[in-house]
Each structure stands twice: as structure tokens, then as C-alpha cells.
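Take the sequence shown: its letter number 217 is residue 217 in UniProt numbering, and every next letter is one higher. Backbone N, C-alpha and C define an ideal beta-carbon position, used for all residues, glycine too. Single-structure report; data block below.
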Amino acid sequence: MDRNQPSPSIDDSDEPSLSSNASIGSQGQLEEELKKTQLLNSNLRQQVNSLRAQIDELEPLGSTQKKVSTTGGDEIATIARKFCVMNECFIHDNLTSHDLKPSTTRVDIFNPTTRYVSKSSQLQGFVEEIFHVLPSNLHTALAHSKIFKQFKRAHCNERSHQISRIRENAPRIFASLGTFTAEQFAPNSTSRQEDLTFRPLVGADERYPAWAPLLFPDLNTKNMDKVFAAPCIRLLLKFMLFKTRAFDSDGSKKTFSGAKPAGKAWGITSVSPGFVAFGAILARFLFSPDNKFEAKGDISSINYAEDFITYKRFLLAGLQQKIPAIITLFKTLNGHLFGDEEIIDTPRAQDNSEDNSDATLTNADFDDAMQRLLEGPPAQAEGPELESNTTSALSPSTSTSTPTITREREREREGKRNE
């Protein structure tokens, strides 16, 4: 937290009294009270970050005599918020202000083959993408540490702001898909860890596969031609771009004057690979047991940052190779978000018996996913069908009969991982 930012005040009456209280004497009770306090502090930090982002959005609407920064700091902050949503939702771990200089060796940010070949090329591609969206007159300014910190802060605040308001409105955002409660999506809620209807959406066991069932309309991870076409992703994307305050306290829709929705304020007219990947990552996070949205899940250990890269790389490859399923995905999303078409979809849940082994995909996993997309929907494997007794939270009905992958396919994937 910024040292100049006053810490949120906490009423002493809300804090547990640890002194001269015989009822709180055991180590277990003390640990429980400490856990509650830590969860409260985490919640307050998220609220502070959300408020900072709202202040940043409202400041341009204030005094007309506001001083214009000679370094373009205000414009950079706006670009950083847009960059977070549309391009990259995580700042690269090793990025410093010294890296923010145009390189003599360029990396094509739209070519996943060269951009993601190594860690250094990933970092360079990240920098190139910042310069791609940044006006040329601001390239030099971003190399200054003060302006770079402003960029990072605005980027982080925007991500926290999006998470906060999505969680607040999640039951209404997903109302067309099922009945949800605010408690299910609340920060520090334990219900997501215990909810048996949420678990199959992000993984069938203790592992959390990157190609989670909820990324697919029918929850069948074999249908790679339908990946990212899930209605929950489309609903999230539309909310992020075109809702300032989606609903009033009584549940009715409400329009506020003044602040424009982000999509209109930023002039967004089409979706991008980074935006779709962000929506997919957010969907997984919302239905995961995690409380904080960070590069790595605090409970699930899902590597959200790595999986975001995997999704974006996958989408860039699909666009570059002009794979029909990916072209159709972008056309459909653009129609839903920027056209008059209503988002109406009732997914049919299926048991997912694919061997999803790792939370973070290896290169072999990515290549396999691309190969499955190129091949289209796989043929049904021989063997007995699997029964499903799980009810999806996103659909009232279930279906059985998703076959396991063939042993030959399993051996092929295992061989790629061991190479």
C-alpha cells in the first residue's frame, strides 16, 4: 500500500479482545482470531484499491483548471487501466523501468511462435505491446521510475476495481445461468471451498486444469473448437466494458450520469486476445476457492499469470493460422458485445473425463490443445461410458457419456511432457 495513503480505520469494537479474556486462551482460538483479522485486512485492502481506481476515473471530471502533467502521467494512467483489461492483466514479474525502452531487436507481438519462445522474448514482447498502445510522444516518459510506478499502480488498481465490482454483482451477472448468492462470491467466503456444485466447473478433483470445464459451453473439455465460448465468459466481458453500476441495491437496472462505461470511454470497438483471456481467467477465479486474485491462487495454487499467457498465446496462434473456430469465436463475441444480439445461452453440463493433469500447461499441453483444435472435435473413443452424478452450478441438467481419451493419445501426451 502507498505510504501516503491513510490506512483504513477499523472500529475497535469489531476487533476481538485478546487481553484478559479467559474464553480466548487456547492456541487454537488465538489462531482462529488471527485468521479472522487477516481476512478482514485483506478485504479492506481490496476495498482501498477499488476506491483508488474509482478516484482515478472521476478525477478527469473535476476542475477544468486541473494542471496537465508535463510528463503525460495522467494519460499514462488511463492507458495503464485500458492495458490491464484489454492486453495484459498481470505486470511481468521481471519488468523494471530500465526495460521500458524500444529495443533494436523487435518482437512481433502478434506472432506467438517468436513472442513466447523464451522468458526473455516474453518480457520483450510485453514491453513491445506497451509501446504498441502508448503514443510515441510518451515512450520516453514511461522510462522514468516515477511514471513507471504510476503505470503499475493504475494497472493494479484497475484489476482490483474490476474484481471488486464483478464480485459485488456476480449473482446478477450470471442470473441467466442459475441461482447464486452474494455469499458465494464474497471475498474470504468459505462457501466456494465447500460448494460441491462449483467444484466440477474448475476441476473434478484436487487438481485445477488450465482448460477448466467452465471455459466450454457444454463443460466438455474435448470440444476445443468451443473453448472460450462459454456464456459466463461473454457475460463477464460485456459487464467489464459496458457497465458502470450494473444494478441498484434493489436489483433493478440503473444508469448513472457522468462516468462513461469503460468500453465507451476507451473507444473499444472489438475484443482482443488479451481481453478474452482475461475474461476466462476471471471466470475461473470467481468459481475457485481463492480469496485474492493474484498471479498465483492463495488457496488453489492455480497459476493465473501463466495460464493467462497460455490462453493469449493460444488465441494469437488461432488468429495467425486463421483457424475457423477461433475466427468464429471473435466474430461471435464482437456480435454479442458490440451488436444488438442478446446473450442467450443455456449450457448443457457434461461429465468431463479428460485426463487434465496439471494446473499450468507445459509446451506439450499447449501443442496438444492446438492440435485438437486443428483436428476438430475428436472421434468417440471405444470403451464404456462414464457416469456423472455431479450437478453443475451453471446448468440445472446433467448429461453422461463423455468418453475417456484413448490410451494411445495418453501415451502420446505423456511422451511430449517427458521430452
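Over the uninterrupted alpha helix (DSSP H) stretch that includes residue i, give me the two end residues.
i, result
"MET240", "231 to 242"
"VAL202", "199 to 202"
"PHE228", "No alpha helix (DSSP H) contains PHE228, which DSSP labels as neither H nor E."
"ILE156", "Note on residue identity: the sequence assigns Cys, not Ile, to residue 156. Run containing CYS156: 145 to 173, per the alpha helix (DSSP H) assignment."
"VAL133", "119 to 133"
"LEU333", "324 to 338"
"PRO112", "112 to 115"
"GLN321", "First-last for GLN321: undefined, no H or E at that position."
"THR140", "139 to 142"
Out of the options, point me to the one whose CA is closest to residue i's CA.
i, options, result
"THR168", "GLY178, GLU158 and PHE185", "For the record, residue 168 in the displayed sequence is Glu; it is not Thr. It is PHE185 whose Cα lies nearest to the Cα of GLU168."
"LEU373", "THR328, ASN334 and PHE338", "THR328"
"GLU301", "GLU129, ALA175, VAL202 and GLN124", "According to the sequence as given, residue 301 is Ser; it is not Glu. Nearest option by C-alpha distance: VAL202."
"ASP367", "ASP108, TYR311 and ASN334", "TYR311"
"TRP211", "LEU40, LYS36, ALA369 and LYS243", "ALA369"
"CYS89", "LYS243, THR332, PRO273 and GLN38", "PRO273"
"ALA295", "PHE83, ASP93 and LYS35", "ASP93"
"GLY267", "PHE338, LYS119 and SER160", "PHE338"
"THR105", "GLY125, THR37 and LYS119", "GLY125"
"PRO289", "LYS152, GLN38, VAL127 and LEU196", "LEU196"
"LYS292", "HIS161, LEU30 and SER270", "HIS161"
"ALA265", "ASN223, LYS35, GLN38 and GLU75", "GLU75"
"ASN223", "ARG172, ILE326, LEU177 and GLU158", "ILE326"
"ILE163", "ALA283, LYS36 and LEU39", "ALA283"
"LEU237", "ARG165, THR37, ILE299 and LYS152", "ARG165"
"ASN157", "LEU30, CYS84, GLU31 and ASN41", "CYS84"
"LYS152", "SER120, ARG172, ILE91 and PRO135", "ILE91"
At the level of alpha carbons, what is the spacing between residue i and residue j?
i, j, result
"MET86", "LYS260", "17 Å"
"LYS146", "THR96", "11 Å"
"GLU33", "SER26", "11 Å"
"PRO231", "GLN150", "35 Å"
"ASN137", "PHE131", "10 Å"
"ILE233", "PHE242", "14 Å"
"LEU235", "PRO324", "23 Å"
"GLU129", "TYR116", "13 Å"
"GLY28", "ARG207", "29 Å"
"LEU214", "THR140", "42 Å"
"LEU219", "GLN320", "26 Å"
"PRO209", "ILE281", "12 Å"
"ASP99", "VAL133", "16 Å"
"PHE198", "PRO187", "16 Å"
"PHE239", "ALA143", "33 Å"
"ALA262", "ALA305", "23 Å"
"PRO217", "THR181", "22 Å"
"GLY335", "SER270", "9 Å"
"PHE285", "PHE308", "12 Å"
"ASN43", "GLU183", "14 Å"
"GLN122", "ASN303", "17 Å"
"LEU39", "THR221", "34 Å"
"PRO200", "LYS331", "29 Å"
"GLU31", "ASN41", "15 Å"
"GLY297", "PHE287", "12 Å"
"LYS119", "HIS155", "22 Å"
What is the DSSP secondary structure of residue i, reduced to helix, strand or coil?
i, result
"LYS296", "strand"
"ASN303", "strand"
"ARG284", "helix"
"LEU196", "coil"
"GLU88", "coil"
"VAL271", "coil"
"ALA262", "helix"
"ASP218", "coil"
"PRO213", "helix"
"ILE26", "Note on residue identity: the sequence assigns Ser, not Ile, to residue 26. SER26 falls in the coil class under three-state DSSP."
"THR78", "helix"
"SER189", "coil"
"ILE309", "helix"
"THR37", "helix"
"LEU100", "coil"
"ASN94", "coil"
"ASP108", "coil"
### Query
Quick one: any contact between the segment 73 to 88 and the segment 222 to 232, if contact means 3 or more CB pairs under 8 Å?
no
#### Entry: Validate contact between the segment 301 to 321 and the segment 262 to 281 using beta carbons, cut 8 Å, 3 pairs
yes
### Task
Report yes or no: do three or more beta-carbon pairs, one from the segment 189 to 197 and one from the segment 103 to 112, lie closer than 8 Å?
no
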